[in-house]
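Number of protein chains: 4
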Amino acid sequence: MLRPDRMTALLDLVFDRLRAPWRGRRRARAASPAIDADSLLTMARDVLVERSQSSGVGLARRMLDHYAALDDAGRLTFFEGLTRDFAPDPAAIESAWQAYRADPGPLSLAAVTRAAEPPRQELLRRLNQPPAATADLVGLRADLLPLLRDHPALAPLEEDLAHLLRSWFNRGFLMLRRIDWSSPADLLERIIRYEAVHSIGTWVELRDRLLPQDRRCYAFLHPAMPEEPLIFVEVALCAEIPGSIQTLLAPDREELPVDQARVAVFYSISNCQAGLAGISFGRFLIKQVVEDLSREFPALDTFVTLSPIPGLRRWLASQGEDDDLPPDLPATDPRAKARIALAARYVLSAKDRHERPLDPVARFHLGNGARVERLCWMGDTSAKGLAQSGGMMVNYLYDLATLEANHEAFAREGTVTAHPALSRLLREAASA
Amino acid sequence: MLRPDRMTALLDLVFDRLRAPWRGRRRARAASPAIDADSLLTMARDVLVERSQSSGVGLARRMLDHYAALDDAGRLTFFEGLTRDFAPDPAAIESAWQAYRADPGPLSLAAVTRAAEPPRQELLRRLNQPPAATADLVGLRADLLPLLRDHPALAPLEEDLAHLLRSWFNRGFLMLRRIDWSSPADLLERIIRYEAVHSIGTWVELRDRLLPQDRRCYAFLHPAMPEEPLIFVEVALCAEIPGSIQTLLAPDREELPVDQARVAVFYSISNCQAGLAGISFGRFLIKQVVEDLSREFPALDTFVTLSPIPGLRRWLASQGEDDDLPPDLPATDPRAKARIALAARYVLSAKDRHERPLDPVARFHLGNGARVERLCWMGDTSAKGLAQSGGMMVNYLYDLATLEANHEAFAREGTVTAHPALSRLLREAASA
Amino acid sequence: MLRPDRMTALLDLVFDRLRAPWRGRRRARAASPAIDADSLLTMARDVLVERSQSSGVGLARRMLDHYAALDDAGRLTFFEGLTRDFAPDPAAIESAWQAYRADPGPLSLAAVTRAAEPPRQELLRRLNQPPAATADLVGLRADLLPLLRDHPALAPLEEDLAHLLRSWFNRGFLMLRRIDWSSPADLLERIIRYEAVHSIGTWVELRDRLLPQDRRCYAFLHPAMPEEPLIFVEVALCAEIPGSIQTLLAPDREELPVDQARVAVFYSISNCQAGLAGISFGRFLIKQVVEDLSREFPALDTFVTLSPIPGLRRWLASQGEDDDLPPDLPATDPRAKARIALAARYVLSAKDRHERPLDPVARFHLGNGARVERLCWMGDTSAKGLAQSGGMMVNYLYDLATLEANHEAFAREGTVTAHPALSRLLREAASA
Amino acid sequence: MLRPDRMTALLDLVFDRLRAPWRGRRRARAASPAIDADSLLTMARDVLVERSQSSGVGLARRMLDHYAALDDAGRLTFFEGLTRDFAPDPAAIESAWQAYRADPGPLSLAAVTRAAEPPRQELLRRLNQPPAATADLVGLRADLLPLLRDHPALAPLEEDLAHLLRSWFNRGFLMLRRIDWSSPADLLERIIRYEAVHSIGTWVELRDRLLPQDRRCYAFLHPAMPEEPLIFVEVALCAEIPGSIQTLLAPDREELPVDQARVAVFYSISNCQAGLAGISFGRFLIKQVVEDLSREFPALDTFVTLSPIPGLRRWLASQGEDDDLPPDLPATDPRAKARIALAARYVLSAKDRHERPLDPVARFHLGNGARVERLCWMGDTSAKGLAQSGGMMVNYLYDLATLEANHEAFAREGTVTAHPALSRLLREAASA
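Residue numbers (my numbering), protein chains in the order written: chain A, 3 to 434; chain B, 3 to 434; chain C, 3 to 434; chain D, 3 to 434.
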């Protein structure tokens, strides 16, 4: 039997303690003297041929520190060098391939695999040897990603990095941790910084999201960079499904005694590491939190998000629907009702050129197997909410019993599952 | 600045706590109903095509549990299937290779890399997703290694496993932990079981190696299988370099006040995981322990091993030197002196067909950059010691100042560094 | 709401870590040069007048170290000196008392209190200032208690010590910790040493009591001497109430899946600190463990002991019942039945001169409010069991619903509660 | 050897974890229905006679919760009742005293001690049994202290409380913890709240005092109320003795690499618990921190405070020196020099009616054995600094080598030790 309390205790401990060495190192890094990208590429060649593991670690550390001191141009040169000089050797591939064709078999085929693996991968693995190196490589990918658009030839480097990071940030290595008001201040400082959905302005606002008994926050962390949350989710325990973020975050709201909670609301999910883009943990996180909360509060029967619809206004504009509806317009107003129907159409059926949901948040939750539960009129009347979606929000329902089936149907045929009322609304709108 | 005390604290914590879940799982595993190897290969194909990450994790867990229930024949069939059915597709390689030749460039070359990577690697990565899976994959490699001799065609599978394990057991992910008498009993139980050099018979013997202030033990552990030490080293703090293991481990010996310690003696180094053979941590461990002890006890000025010479008797026999010398023969006896000279020749200059030191322990320490310091007449008069080496032992010296240079000279030219007295002894013997 | 998981985590941590400093100190103590009891009494006077707190702490530490080096005679002299020289000053009492009588009031009465407090108490409080001193004072009381019989005049010193220890070992300061197979080896070593009821011969036997999922062990510890368990209880989770310790501890017994457990059996309770005799934690421990287990395993419906009847044979002898009945005599044999009836009479109604149950174990459990549930024929056929009670054991039932009422009835009127079958047995035997 | 790192690790852990249960309880307390002081006194009598320890604990918990709901008048009534009804019984004292006089001896004297101990003390000990009760009793004393001036008859109650708290907050039970930027946010929130000397306005200001490598903060905590710091000290590591708090706390100051630090400056010491007034830990804290820093940074050679002179302006006024000198007046200005000489006179020789230093901060540090090192002209130009002391501050030097001797001389003869330059200044001023 897994004992979640001990797991939690462990996670708390890991992350309370590993931080100091990691931080120390970054300070040291800043002090590294600048060397140019070409010298760095020479160091990279040395790292690859170094036979002493322990010297190799020192060399790798220095390389990462020097990398951190490069300017934009230096980084580009360095990336180009990695792509060019650390690619597989075509002659070696050719020779291995001919050998295979002459004598096909598992061993000769394995020789082709070896010849085709870029030395870059081994280089990156060696760069990952020193303490705290993993965070540096995540940072390196964060530097690289924005360059891909203008320098598509860097794609192989990015591919190798993603390949390795996916292996290192394996689900089995991630650790779920509850973040609360007794968490370390430096970790909380990062939560404030990384909150991407409903921003946190002050420590008092943060406390309001962590301290009340009807509020929770969970993050995934990785043992090799424990100071850095990878992704976190904020949860509200409610008596019923909430329709607006204003109510949820009102400073003067009443705290709900947890024994009256029936609904867990995921009201904010933030990815923290630009360098881990595309290496997704989100669905693992939500599923794990649903399971943990179910165990802790058996009375919870509904797990739901309160989500933004970031692309709605842009899409409405593309449909010629451009007018601002006032925040105090009641949901029963015909104009509100028409807008809700349009929003339902957007969330449920607008697709991008890959036939995926156009809205990125919808794409994520529907891909997880959630269903569209309800549209929330004026669910977010903040400036950002009004600008993105005219104030509309949406609840996605996470029902463990149907999650996998929904996910399968979505993955195989693009089927979007929705509350019957919404499907009906959509049909009526279509037939109108 | 790294703060080793906090690091230590963390390690203690990680390993005090993670154990319960891990143990729980193994219990569960035993209960898995048996399925045959072919069904398991079918599951493996499902794991590869599963698009839902979270379903994939469940499937992977079940696969590992079923694997654990296979018998020897089933395992062989399963390994053969993995080698055969999850190899790269030669047609895809051919096609990617032709595309590259038609239009050479980083992107078309990266496509060759992709085509040549065995799907097996992705399968193994996915198998590593569930909690505690890493230990299962280490176990799987432990099952596989002994089969290679009779089934060389399994080598590509072994290569893929080693490739991934090397990435996952990266130095940056390992954690050094001091093992002492307040360590968890279940961890200590494993230390007893894994001690490979000077076996530990009882808990009282174990306590004698852990509790006294002049004794230390350090292990590397990995966050994904924290219950299992990977490798550990036992250390004695001494006033001078010891010449025999009997003295070091005498039950009635006097404890040395640590402020009188000048020499740290590594008297036993044990690898614990058969499944991690060839993925070496040993030199990292010794180097780290040397650094940590230097910091803790600035008065230490000598770091040395007291090592067995496991191949000596066999080599002596090959030289026609077969007689047993009695343990009470003084080192000054001409026969003892002749034997010491021969042992020096064996340790310093006997080579295998790859021109590496013939003795495996010598190979390890010389490869690390240690130098041969002294031969110890009747250093180990246990039955095992007499049988392996006629009672001879050897001290290898770890001198941080010369370690890298020695290592380089050894790696480049096979140069073996030794104490001048030993080199002289060797020259005299040669000229005799 | 208390969160027991975090409490547990804390306890684990406290006791994993505090040990080193404590142990260090004891080592130091051994090295203290011997001084005689009179010099120690002089030091005691210095401790009392020392105005510098921090000098006082050093002085107190040295006093405790010197105390530890005293021989038996020295200790007696020292105790006599403490009793004689650090008693309240009768003249001061007289004067305070006259002042009170002249002008009765809260302030003049408080002055009497101050005059009547022995300076010894302040001395003992100051001796408790240095790190790890608490364990030394517990040890001092352990030295003192056996002397009281022959030196009744030492009672006031004992009274002062007990007074302070009762305050320091307050329930609010005690911490419950689960002891398991991943607990620190040095703590487990003490469990082996302190087990008073069914002795533990080897580490393997200990593991059999800690590792199986249907076995538990809990201890109270104190933050000021965390290396030392104060009291611990061993628990078996069973499908039904067990009637013999042989079955419970059989090396080849089947482990019970915990979801089938209905009964928690307290089969061994050991006080660990002779110096804390009479400062009882036992009932707190049992009550807390009952509550914790109820929360963890809601299916448990019965909490029961399997207890020895240590005084039975002696009492039987006093009743002229002296014969040994063979262990293989069935419980249905008339001789066995007669013996069971006598045992019931002993447990339920034999009283000492203070009208308390004659059997010390009965006294403890009945005082806690437990009821006598069942007598177990040949429940303990070990040499010790046969010698103490002719093999008989007894189950006491802890029913939270009636515990307080039973306790009240017992405390007020000496009423012993028993299972109706036992009460009937007793009546029948009486009328026979 | 004590291993301070393990101690630190422990402390971190204790205080990271124990908090949840404690906080939980306080929430519960708020919900207790109000009962009046007389009913509470009745409960108190029940607590005293309750023979069941575990019922007693529940009753005590309820009493404390009800106490927390009392208003000012209720509290006064309750305190008066405790003083009146739980005093020792004069008749019992008289009788014990007569028995002693009739037959003097240790036992009859001990009976007097027993008779003279107020039942109130036993009541308070029992109130301390439930979890988290200690904090409640500290709170109760905080409520009581301000009432003493107008209700001097409550003194015996206060005396009993102080007596017990002194025993429970024994130096041996206190734990030193480093507070840093990775400490739990709720603990840091309290540091902000309790900072009494140089107030902390925001979390950013707090970070500036905790995060830089040349800043430290240490607190004493107690295992029974781990959420609450008892006292804390803020430390700056400097290259030389600083003369102004402005420089020390300047937001844009340069961080000092710790290897260049020679001076540790205690620039703020705050007692946190009003209910522990007079139960002093301050000198233990400073001495311990001096020792710990010495070990961690062997290059530190000077330990010094930068302290306010809170009573200076008032005393100057009493001397007819009332004018405000401008903050930008140079220290070399004759008016500044005259003021410095007066301040020296105040700090070194102004006495209260008990012949103790008039300035409370001087009293504390001189009592600890520190010497007056230097007066700092315009060391604190904040509004508070100018108002209290016209901007003057003072450095007190903590020199472990002379601390005890200074303390002795001060305690015995009131001798104030000062830097020779200051003593000379004083003599010159006196002879002027």
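We treat Cβ as the ideally placed atom computed from N, Cα and C, and that holds for glycine. Since this is a predicted model, take the numbers as computed values, not measurements.
Does the beta carbon of residue i sit closer than 8 Å to a beta carbon anywhere in chain B?
i	result
Leu239 of chain C	no
Ser201 of chain C	no
Asp188 of chain C	yes
Pro121 of chain A	no
Ala30 of chain C	Any reading at Ala30 of chain C must be qualified, since the residue scores a pLDDT of 42, below 50, and its modelled position is unreliable; the value itself is stated next. Chain B contact via Cβ: absent.
Ala364 of chain A	no
Residue i and residue j look like a contact to me (Cβ under 8 Å); what is the Cβ gap, rounded to whole Å?
i	j	result
Pro332 of chain D	Met395 of chain D	Going by Cβ atoms, the distance from Pro332 of chain D to Met395 of chain D rounds to 16 Å, so no, they are not a contact pair.
Ser270 of chain D	Glu197 of chain D	7 Å
Tyr220 of chain C	Phe305 of chain C	That pair is no contact at about 13 Å.
Of all Cβ atoms in chain D, is any one closer than 8 Å to the Cβ of residue i?
i	result
Arg127 of chain C	yes
Gln131 of chain C	yes
Grab me the residues of residue i's own chain with a C-beta within less than 8 Å of its C-beta, minus the 5 sequence neighbours each way, in chain order.
i	result
Gln129 of chain B	Residue identity check: residue 129 of chain B is Leu in the sequence provided, not Gln. Hits under 8 Å: Val49, Ala62, Met65, Leu66, Ala135, Asp138, Leu139.
Ala94 of chain A	Ala117
Leu360 of chain D	Gly313, Trp317, Tyr348, Ala352, Lys353, Asp354
Considering only residues of the same chain and omitting the five flanking positions on each side of residue i, which have a CB-CB separation below 6 Å?
i	result
Arg143 of chain A	Leu163, Gly277
Thr79 of chain C	Ala39
Do we get a CB-CB distance below 8 Å when we pair residue i with the residues of chain C?
i	result
Thr44 of chain D	no
Arg173 of chain D	yes
Trp205 of chain B	yes
Trp317 of chain B	no
Ile95 of chain D	yes
Ser351 of chain B	no
Strictly under 8 Å for the Cβ-Cβ distance: is residue i near chain F by that measure?
i	result
Asn408 of chain C	Here the protein chains are A, B, C and D, and chain F is not one of them.
Buried or exposed: which applies to residue i, given that a residue is buried once 16 or more other Cβ atoms fall within 10 Å of its Cβ?
i	result
Lys353 of chain B	exposed
Gln390 of chain D	buried
Leu402 of chain D	exposed
Asp326 of chain A	exposed
Gly203 of chain D	exposed
Ala319 of chain D	exposed
Asp216 of chain C	buried
Gln100 of chain B	exposed
With 8 Å set as the bound, which would you pick, yes or no: does the beta-carbon of residue i sit closer than that to a beta-carbon of chain A?
i	result
Leu166 of chain B	yes
Trp379 of chain B	no
Contact between the segment 177 to 187 of chain D and the segment 241 to 254 of chain D (3+ Cβ pairs under 8 Å) | no
Below 8 Å, can you find three or more Cβ-Cβ pairs linking the segment 411 to 426 of chain A to the segment 262 to 274 of chain A?
-> no
Please confirm if the segment 278 to 288 of chain A is in contact with the segment 158 to 172 of chain A, defined as three or more CB-CB distances below 8 Å between the two stretches.
-> yes
Would you say the segment 77 to 92 of chain C touches the segment 146 to 166 of chain C, given that touching needs at least three Cβ pairs under 8 Å?
-> yes
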